[in-house]
Structures are given as C-alpha cells and as structure tokens.
C-alpha cells in the first residue's frame, strides 16, 4: 500500500498487543498531532477502503482494538493536551490522547475532580475511557463516563467533522447524540475533543473501611444490607481471597488473608457506625483507614488486575458482568458453583456496590475457558443483568450481547443499532466487524435461532 501522500504524518510499522493479550498487526500506525491529520487519514482510508482502528493506550480487554494486516491503526497519544479548564461552568475540554491520571492531577491542582476512575486510570487515555464508557471504583455513587461527557467533536468515517452536545448541564435540543458516541467503541468515528463535567473536590472527611470477610457469600450480603439501610458509599469494592493472596505475593500488600477476601468501603466519617452495623457477623477483621493508609488501599485495589495477571502466565479472560444488586448473593453463589464445575478459581475483582463483577477466568484449556466465560455471562442475562458493565463488547462478547438484547429488549432494538452503524459508516471502515455489527451478524447469519 502506498502511503506517500501521508508521509508528513508521523507513522511506524509495528505490531502491538492489548491488555488482554490480543495481537494487533496493522499495515501502519499513524500518530496524528491534530484534527486535520485525523481527517486526512480517514479520507485516505475511505478512498482505499481500508479499515481504521482508533488506539488510546491499549488497555482494552475485549479485542476492541484488534486488527489484521489490512488495517490502519490511528494512535491518538500525540493529541494529549488539556485545552481548557473552566472553573465557573465546571467543565474541562481535552484532546483524546491525554492519560486519565494526568488529567486527574491537573484538575486536582485547580481544586476539581472527575469522579469516574477505571482501575486502569494510571494507564488509559481519556478518549479510550469515553469510547468504552468506562466505569470504575467511584461508579457506585457517580456512575460511569457516560454521566460526565457533555460534548464531543468527532471525525466521521467520511472525513466530516461534527460537534455534538453542549458544555451545559441542561440541554434538551434534539436527540442525545453525545451518548450515541460515548461507548461506541470507535465504530462510529474518531473523537478529537471532549468536554467533561467536573466538580469541586469534596471537603467532607471520608474514611476507608477495609473488612476482611469470613466467607465469599458475605460480600453480596453486605452490599444488600447497605442498600436496605439506605447507605450510599463513595466506593464499595471487593477482591476475593485469591486476589488478596496475589496482591500480597506480587505487590507486597501485607493484607490479612481470610476465606472471604476483602471488602473496601469509602464513606463519610459520620456514617461509619452505620456501615459497621451492617458488617456485624460478616467480617473477621475490620480496619478503618484515613489519609495515606486509605490511599494505599485504594491503590492496591486499582492494581488488583495486574496482580492477577502476574499470578498466571496463562491467557485469562476478564469477565465483566453486571447483575441487579438484589441478585448479588445469588450471582456470587452461582459463580462458586461454576468455578467448581470447571475445577478452577475465578480471582473475583468487583465494583460490587453497583453489581459489577469481574471474575478473571484462568483455565489453560481454551475451549473450557470460553465455556466458563459464556456460562457466567448467560447467568447474568438470566438474572436480569448485562454481559458488560464497563469493559465493553469488542469481538469477545458480540454473540453474548446479541443474546442479552434479544432476550431483554427484542430483536428490533439490535436491528436499530445496526442500522445506525450503517447510516454513519456505510463503507464499513471504522473499526469494523466488532460490537453491534458483529452481534447483529452472529444473530442473522444463521437466523435468529443461531443463538
């Protein structure tokens, strides 16, 4: 392929790998430094019918950035500026390539915060977090990125630039196109500017409660108890006993090891006694941490997936199911049953406060690993939940997403999603054969009975 007309745009020929181990082998990797270069790359790809894959920092876990040798990878890491921090209208405007941790640090200097904090915040880009509608540990109170994106500039697959939304808390003009692009996994265009809502750093005193639980089932029971008592934590995270051991082994965490693992709850100081009442009879050991000690616990939870990956050299699947909070005890019980069925342990990491469970499946046999993965997702569908809360769909979960949508919403909803993709990307060049498109094809290639 002759890329000579784009020679002045920085480019390399190289292979990559995302966080899940998915190999990425593009024809070329472009590093645009501004929106104009993105437009030129997209127009070239359209003219030559070449697939385009946007790349943030490669923290995807579902194959959302996978591509073969006949694609262009657009690495947005050079577009990494903070363009504006508005301290009256309370928004920040950024380019997509800025790392989330760098944005957090700059906002903190100004006395502001952006609450969504995916566990990969120290690695991932803001553009990637928007494309995946990433969640995180503060999601139980503040939601995912979907709740914090106000406006976007997007280069469409034909090279046209649009701005959707407004940097306003209230805006009822037209269809909500902002949230069509948030979570679209790079299948509808390339985002070049992002307006995000920010809030002042709260002045109230927060404390971290680290409860080492007596058994696995207690985790779900405690969260249900918090809900029944109308307690809304800033953060409620869970790692099971095997993850605690991995943290101790690989990150020198020095955590107490119990059969039930660790539940972390961040709460206002005046609500601590209410949480402790819910924990009665469920915890073997309880520690109340503040300041640096609380930050250390938060950091350990953020790095839990890294500890799990270090624990095994085998390929692992990071599951990402969501169930209604009322169904957490049943979901946790059934997770244990599935683990026993496949003679494995799942290394459960969880944003448990909003029902988001991440069982990490480490089974050497690929077929057995995939069967366990699908069985867990179908359990979530059966319980009225979702096959993904924040990791997204990519190629890994397309068939399962089709099952969920057809069962909960009906085929027509998936059909509408597919028609939107075809309307915006008729030449099918923008991150093709993934997500909605692949889900639709799974369903229709063999008739609806295919799933």
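Numbering (the numbering used here), first residue to last: 33 to 483. Glycine included, each C-beta is placed from N, C-alpha and C at the ideal position. Small disclaimer: the values here were computed from a predicted structure and weren't measured.
#### Entry: Nonlocal neighbours in the same chain, by C-beta distance under 6 Å from residue 147, ignoring five residues either side
Within the same chain, residue 147 has close Cβ partners 170, 174.
### Query
Would DSSP call residue 133 helix, strand or coil?
Note: residue 133 maps to helix in three-state DSSP.
### Query
Is residue 49 helix, strand or coil when you go by DSSP?
Strand, per DSSP.
### Query
For the segment 378–408, which segments carrying the beta strand (DSSP E) assignment without a break, of at least 3 residues, lie completely within its bounds, in sequence order?
Runs of the beta strand (DSSP E) inside the segment 378–408: 380–383, 388–393.
#### Entry: Same chain, Cβ closer than 7 Å to residue 419, neighbours up to 5 away in sequence not counted
So the qualifying residues of the chain are 353, 409, 412, 413, 429, 432, 433, 436.
#### Entry: Candidates 274, 330, 110, 302, of which the one nearest residue 393 by Cα
274 is the residue among 274, 330, 110, 302 whose C-alpha sits nearest the C-alpha of residue 393.
### Query
Is residue 451 helix, strand or coil by DSSP?
Three-state result, residue 451: helix.
### Message
To the nearest angstrom, how far is the alpha carbon of residue 465 from that of residue 344?
### Response
Taking the straight line joining both Cα atoms gives about 30 Å.
#### Entry: Sequence-distant residues of the same chain with beta carbon closer than 8 Å to residue 184, five excluded per side
Result list for residue 184: 162, 195, 196, 197, 210, 213, 214, 223, 225, 226, 227, in chain order.
### Query
Under the rule that 16 or more other beta-carbon atoms within 10 Å means buried, what is residue 477, buried or exposed?
Residue 477 should be labelled exposed.
### Task
Give the C-beta separation of residue 361 and residue 252 to the nearest angstrom, bearing in mind that I take them to be a contact with Cβ-Cβ under 8 Å.
So it is a contact: roughly 4 Å between Cβ atoms.
#### Entry: Beta-carbon contacts of residue 376 that lie in its chain and below 8 Å, excluding the five residues immediately before and after
Closer than 8 Å at Cβ, skipping near neighbours: 393, 394, 395, 404.
### Query
Per DSSP, what kind of secondary structure is residue 119 in: helix, strand or coil?
Note: residue 119 maps to coil in three-state DSSP.
### Rounded C-alpha distance that separates residue 467 from residue 37
CA-CA distance, residue 467 to residue 37, rounds to 31 Å.
### Message
Checking the sheet assignment: what are the DSSP bridge partners for residue 227?
### Response
Answer by DSSP bridge pairing, in chain order: 125, 183.
### Task
Note down, in chain order, each residue of its chain lying with its Cβ closer than 7 Å to the Cβ of residue 59, except the 5 sequence neighbours on either side.
Taken in chain order, the residues that qualify are 33, 101, 102, 103, 104.
#### Entry: Cβ pair count under 8 Å reaching 3, the segment 61–73 against the segment 322–334
The segment 61–73 makes no contact with the segment 322–334; the number of CB pairs closer than 8 Å stays below 3.
### Task
Return the chain-ordered ranges of every alpha helix (DSSP H) run that is complete within the segment 221–299 and spans a minimum of 4 residues.
Runs of the alpha helix (DSSP H) inside the segment 221–299: 250–260, 273–283.
### Beta-ladder partner(s) of residue 105, from DSSP
Its beta-bridge partners are 61, 85.
#### Entry: Pair within 7 Å by beta-carbon distance, residue 95 and residue 54
Closer than 7 Å, so yes.
### Task
Let me know the secondary structure DSSP gives residue 145 once reduced to three states.
Residue 145: strand per DSSP, three-state reduction.
### Query
What is the C-beta distance between residue 238 and residue 296, in whole angstroms, given that I count them as a contact (C-beta under 8 Å)?
Not quite, the Cβ-Cβ distance comes to about 12 Å (not below 8 Å), so this is no contact.
### Query
Where does residue 341 sit, in a helix, a strand or coil, going by DSSP?
If DSSP states are grouped into helix, strand and coil, residue 341 belongs with the helices.
#### Entry: For residue 461, three-class secondary structure by DSSP
Correct three-state label for residue 461: coil.
### Cβ neighbours of residue 333 in the same chain (closer than 7 Å, five flanking residues each side left out)
Result list for residue 333: 169, 269, 271, 296, in chain order.
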